[in-house]
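**Q**
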Amino acid sequence: MLNEFIENLNPNQREAVLAITGPVRIIAGAGSGKTRIITNKIAYLIKYANLQPWRICAVTFTNKATNEMKTRIVDMIGNSGQRCLIATYHALCVRILREDIIHLNYDRQFNIIDMADQDSIIRNIYKTLPVKYDAQEAKMVKNFISKWKNDFISPNSAKQLASGDEVRWAEIYDVYEKRLREINSVDFNDLILLTYKLFKNNVEVLKKWQNRFDYFLVDEFQDTNELQFDIIKWLVGDNHNITVVGDPDQTIYSWRGAKINLILNFDKYFPHTQTIILNENYRSTQNILSLANNLIIHNKNRIEKDLFTIKASGQLPILYHGANSSDESDFVAHKIKTLMKEENYNYNDILILYRANYLSRDLEGALADYGLSYRIFGAFKFYERKEIKDALAFLKIIMNNDPLAIERILLLTPKIGPKAFEQIMQILKEQQIMFTTLLEQHFDLLPLNLQHSLNKLREAIVIALGQLPTAKSIESLLVLLLDKTGYLQRLRDNFEEEREENILELIASVVKFDKQNKDLEGTELLSEYLQLISLQTDSDSDDLTDNTISLMTIHNAKGLEKKVVFIVGLNEGIFPTTQAIKMGTEQLEEERRALYVAITRAKELLFISYADGYSYITGNERFESRFIKELNGDFYEKVNSERLFSKPKSITISFHNQSEKQSRTTFHLNKNLESSFKSNPWKVNDTVSHELFGIGVVVKIIAQNVQIAFPSPYNIKIISADSQAIKKVE
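Each residue of the sequence shown is one higher than the one before, counting from 551 in my numbering.
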């Protein structure tokens, strides 16, 4: 009789769960149930292989995946499953560093800064330089700092290697690193790098961590970079009890450092690896899978597999050829309206994917024109919002006097400006005391005007500090701080309803955290919460349960599935990108994998589209992507826009030779283009209204497009003249 963890699995899945000795590589195709395999395997290891839960370590790439696995395991084997270490790479490294970072001369209570904090530090460094702050350059500096760190290039080495603008950037890097040490902080790159350095240079520390675990599992292994892999290899040590799960055909994050060869060559790093392929798909219809299979076979750097399903073939995917981008977007919106009206699909069943964020503009206009509710994901993250960072800053102050949090809270306190802030910082420096100590014990050191301005903040901080040691709820601390400081009331007074709603959403999430961590209290509880928040990744705060159409880039859609999927913008230079085309085979294979990922998000219906017209991104007329030529025509239905055939008919002329025919054809095309110029209904200085961008003014006519100036932050936009998203204001 089969045990409960394998009885409902297919033969390959069973083999994957039962392979518990030595290195195992599971090539898990899209929709093949990989999360189920990992969780069932962990449960099997505990119940039938007699491993202790706390001696199992599973590594994931998102907190969302971590939480899902934890929940499933507890459901299968009870509360003992909570003792497994299931964490993202960054969370695992934080756990290691909290214990042993002192070997690198860091304080165990280090802060973890996010990208917004990085921006703030770099912006402040610019104030000390003789050059003006430039947001684009600052972004470049941040990218260079990340690259230098990942390449193990120190600030001094960077300065020696630098030339041109990089000399200044290397100097900023040097000051940035010193600033992090001053405020006892590390960034996301440091979490991986410092763990790598710790294990590389401290054999005893490494042995301690190797002895802590008997079995390792790694999810989404195709997204692993070399540093992460080195850490895992060191931790596994000589016992080689490791299972990695991934799909080389879904490697689409090389720009983040992911190396496809790590999964392809896993058996070279771990000899005697057992490889198991999961290719039965439980998500999509066979026509969708066949389309995906016949696309990805054009890649050479892969492990061969064909996805199949026992489901019905389903409807053929649709390939739509639009007359222009506006027509393409109109097709998408109209089709969604029809599906909802005639086939009972809901907003939440529908996903629209594109290669880059700029492609959403025409779509947004069309969806708005049809009165369809939509939401763009991957834009502004919940935990990056100003009000959320403000609220969390209060907690960071009472936890460990976080310098960036102190600066943030002081500068949003009424009547405290930059000069008053510097005055307070100077007092702290002269007296060599913490900010909370100043508020609690030395408030009289401040001038009376500052005491008056800080009274509410002082009262809130002092009460919260008194409650912290025995606090069993983060919610009570947060509500106290927001209430006593008057922060929440200021939002209400200023009618900032959306910000207030976001704060209430934060409080709701804190209540959930409190319930999940009843065994913790005081500083341990608060520390655990702040650490969890600091490790939020890009996709962790995206909630796709809203009843809205979801719009996002393909890279944000990894792991998702929807009944209906639209993939737009399949034009050469857009998908694949011009840059990928220039870089050659390796990047083109990654672009092809991205399309493969997009196709395999669809469960029932799939629509792929491209458009004619001029592209201001590529600087050329649009034409179909090379990937369309690679799609097998047996597995899709081609639909052409009626607008493609609404052009003036040519007069039949007898040509005496080919060159004359080419000349006449060119003339005919130019006449059509001239006709379209004349039919442009807009003129310079026309006032327009746009559904998203508001009121604007036409500043230039460009062929079949209009250049419109909108108020900041939208500024200049180029929009198709026949776009339904713009209306003339008389």
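Built from N, CA and C at the ideal position, the CB exists for glycine as well.
Could you compute how far the alpha carbon of residue 715 sits from the alpha carbon of residue 693?
**A** Distance between the alpha carbons of residue 715 and residue 693 is about 14 Å.
**Q** What would DSSP say about residue 1239, mapped onto helix, strand or coil?
**A** In the structure shown, residue 1239 sits in a strand (DSSP, three-state: E or B).
**Q** According to the neighbour-count rule (16 or more other Cβ atoms, all chains shown, within 10 Å of its Cβ), is residue 1102 buried or exposed?
**A** So residue 1102 ends up on the buried side.
**Q** Apply the 10 Å Cβ neighbour rule to residue 1153 and answer buried if 16 or more other Cβ atoms are within range, or exposed otherwise.
**A** So residue 1153 counts as buried.
**Q** Could you say if the stretch 1027–1036 and the stretch 1046–1062 meet the contact criterion of at least three C-beta pairs nearer than 8 Å?
**A** Taking 8 Å as the limit for Cβ pairs, the verdict is that the stretch 1046–1062 does touch the stretch 1027–1036.
**Q** Pull up the distance between the alpha-carbon of residue 573 and that of residue 896, whole angstroms please.
**A** Distance between the alpha carbons of residue 573 and residue 896: 44 Å.
**Q** Once the 5 residues before and after residue 778 are set aside, which same chain residues still bring their CB inside 7 Å of it?
**A** Once the five neighbours on either side are set aside, the close Cβ partners of residue 778 are 639, 742.
**Q** I believe residue 1076 touches residue 1024 by the beta-carbon criterion, under 8 Å. Please report the beta-carbon distance rounded to the nearest angstrom.
**A** Confirmed, about 6 Å.
**Q** Check the C-beta distance from residue 836 over to residue 580 and give it rounded, since I have them as a contact under 8 Å.
**A** Not quite, the Cβ-Cβ distance comes to about 14 Å (not below 8 Å), so this is no contact.
**Q** Pairing CB atoms from the stretch 802–822 with CB atoms from the stretch 591–608, are three or more of them under 8 Å?
**A** Verdict: no, contact absent.
**Q** Since I believe residue 1121 is in contact with residue 1160 (beta carbons under 8 Å), could you give me their beta-carbon distance rounded to a whole number of angstroms?
**A** So it is a contact: roughly 5 Å between Cβ atoms.
**Q** Can you check which of these residues, 614, 1000, 1235, 1245, is closest to residue 1251 by C-alpha distance?
**A** It is 1235 whose Cα lies nearest to the Cα of residue 1251.
**Q** At 3 residues or longer, what runs of the beta strand (DSSP E) sit wholly inside the stretch 637–725?
**A** Taking only runs of at least 3 residues, no beta strand (DSSP E) segment lies wholly in the stretch 637–725.
**Q** Using a 10 Å radius around the Cβ and a threshold of 16 neighbouring Cβ atoms, would you call residue 949 buried or exposed?
**A** Classification for residue 949: buried.
**Q** In the DSSP output, which residue or residues are listed as bridge partners for residue 1113?
**A** Paired residue(s): none; residue 1113 is not in a bridge.
**Q** Check for me: the beta strand (DSSP E) holding residue 1246 runs from which residue to which?
**A** Note, residue 1246: beta strand (DSSP E), 1244–1252.
**Q** For residue 1086, count neighbouring C-beta atoms within 10 Å of its own C-beta (all shown protein chains included) and say buried if the count is 16 or more, exposed if not.
**A** The residue in question, residue 1086, is buried, as its Cβ has 16 or more Cβ neighbours within 10 Å.
**Q** Suppose you measure from the CA of residue 1182 to the CA of residue 1141; what does that come to, to the nearest Å?
**A** Cα to Cα, residue 1182 sits roughly 18 Å from residue 1141.
**Q** Could you tell me which residues DSSP pairs with residue 1279 in its beta bridges?
**A** In the DSSP output, where bridge partners are listed per residue, residue 1279 has none listed.
**Q** Does the stretch 855–862 come within contact of the stretch 821–834, defined as at least 3 CB pairs closer than 8 Å?
**A** With a cut-off of 8 Å, the stretch 821–834 and the stretch 855–862 count as touching, because enough Cβ pairs lie within range.
**Q** Counting Cβ pairs closer than 8 Å, one from the stretch 1111–1119 and one from the stretch 898–916, do we hit at least three?
**A** Cβ pair count under 8 Å is three or more, so yes.
**Q** Between the stretch 649–659 and the stretch 619–637, do three or more beta carbon pairs fall short of 8 Å?
**A** Verdict: no, contact absent.
**Q** Is it buried or exposed for residue 877, if we count other Cβ within 10 angstroms and need 16 for buried?
**A** Buried: at least 16 other Cβ atoms inside 10 Å.
**Q** Is it the case that the Cβ atoms of residue 1268 and residue 1238 are separated by a distance below 8 Å?
**A** No; because the gap between Cβ atoms is not below 8 Å, this pair is not in contact.
**Q** Alpha carbon to alpha carbon, how far is residue 873 from residue 1171? Give it in angstroms, no decimals.
**A** In a straight line, the C-alpha of residue 1171 is about 12 Å away from that of residue 873.
**Q** Find the nearest neighbour of residue 1270 within the set 915, 952, 1179, 1180, judged by alpha-carbon distance.
**A** Selected option, being the one with the closest Cα: 915.
**Q** Any idea what DSSP makes of residue 1214, helix, strand or coil?
**A** Residue placement at residue 1214 is flagged as unreliable, the pLDDT there being 30, under the threshold of 50; a coordinate-derived value is accordingly withheld.
**Q** Does DSSP put residue 1283 in a helix, a strand or coil?
**A** Within the shown structure, residues of the chain are numbered from 551 to 1280, placing residue 1283 beyond reach of any answer.
**Q** With a threshold of 7 Å on Cβ separation, who are the neighbours of residue 1231 within its own chain once the five nearest residues in sequence on each side are excluded?
**A** Cβ within range, chain order: 1271.
**Q** Opposite residue 871 in the DSSP bridges: which residues?
**A** For residue 871, which the question treats as bridged, DSSP gives the partners 1160, 1190.
**Q** Please state whether DSSP places residue 1127 in a helix, a strand or coil.
**A** Reduced to three states, the DSSP call for residue 1127 is strand.
**Q** Quick one: Cα of residue 700 to Cα of residue 756, how far?
**A** Spanning the two alpha carbons is a distance of roughly 21 Å.
**Q** Return the first residue and the last residue of the alpha helix (DSSP H) that residue 743 is part of.
**A** Per DSSP, residue 743 belongs to the alpha helix (DSSP H) from 738–751.
**Q** By the DSSP assignment, the alpha helix (DSSP H) with residue 594 in it spans what residues?
**A** 584–597 is the span of the alpha helix (DSSP H), which, as asked, contains residue 594.
**Q** Could you please give me the residues that DSSP links to residue 865 through a beta bridge?
**A** Residue 865 is not bridged to any residue.
**Q** So, are the CB atoms of residue 1177 and residue 905 less than 8 Å apart?
**A** For residue 1177 and residue 905, no; Cβs fall outside 8 Å.
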